[in-house]
Amino acid sequence: YGKDSFGPVHRNYIDKYADSLHLVQRQYQSHAHNQFLMVAFEIGIPGLLFLLIAFIIPIIASLKNLYAYPRSYDPIWDIIFLATFVGELLYGQAGEMTLDLRSDVAVILWTFWGIFSVYRNNETYSEQGVIRLG
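FYI, in our numbering the residues of the sequence shown are 273 to 406.
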């Protein structure tokens, strides 16, 4: 439907079907209260798939890196990446729109995506199975 079109579409459906559904109140919503449903509504299923892939890549890479490094390696960044992206997947289900409405959290998320994308560029453990992203 396009960016910022959820509110008008929702209002139209409520007005059209409220009587047949016997709704007592007509509450209009401006967003879907679920980040992933909202992305699917605004840019479609392909856009949702790209967003989910963007979350899943750091999760898988962090899990693989946690198990691929020698015991002397300090895994703090992989733990941070894992917690950040799993947490965001859960947070997006709760109704907050990190990429749109919560600009304070979005800055943190984009920062971690940026750090993740360059963190392993000069890694010396590649022969041991660590994922190289650069």
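For glycine and all other residues, C-beta sits at the position ideal for the given N, C-alpha and C.
Remember, it's a predicted structure, so these values are computed and weren't measured experimentally.
Count the other CB atoms within 10 Å of the CB of residue i; is the residue buried (16 or more) or exposed (fewer)?
i	result
V281	exposed
Q421	This structure does not reach residue 421, given that the chain is present from 273 up to 406, and the question cannot be answered.
Q297	exposed
A333	buried
E399	Reliability of the predicted coordinates at E399 is poor, the pLDDT of 49 falling under 50, and the value obtained from them is presented with this limitation in mind. E399 comes out exposed.
T356	buried
Q307	buried
V379	exposed
Note down the Cα distance separating residue i from residue j, rounded to an integer number of angstroms.
i	j	result
A326	P347	21 angstroms
W385	A366	21 angstroms
I329	A304	25 angstroms
D350	A290	49 angstroms
G279	Y339	45 angstroms
S277	E314	7 angstroms
H484	F322	For residue 484 there is no data in the structure shown, the boundaries of the chain being 273 and 406.
Can you tell me where the alpha helix (DSSP H) holding residue i begins and where it ends?
i	result
R283	278-289
N306	First-last for N306: undefined, no H or E at that position.
Q365	348-365
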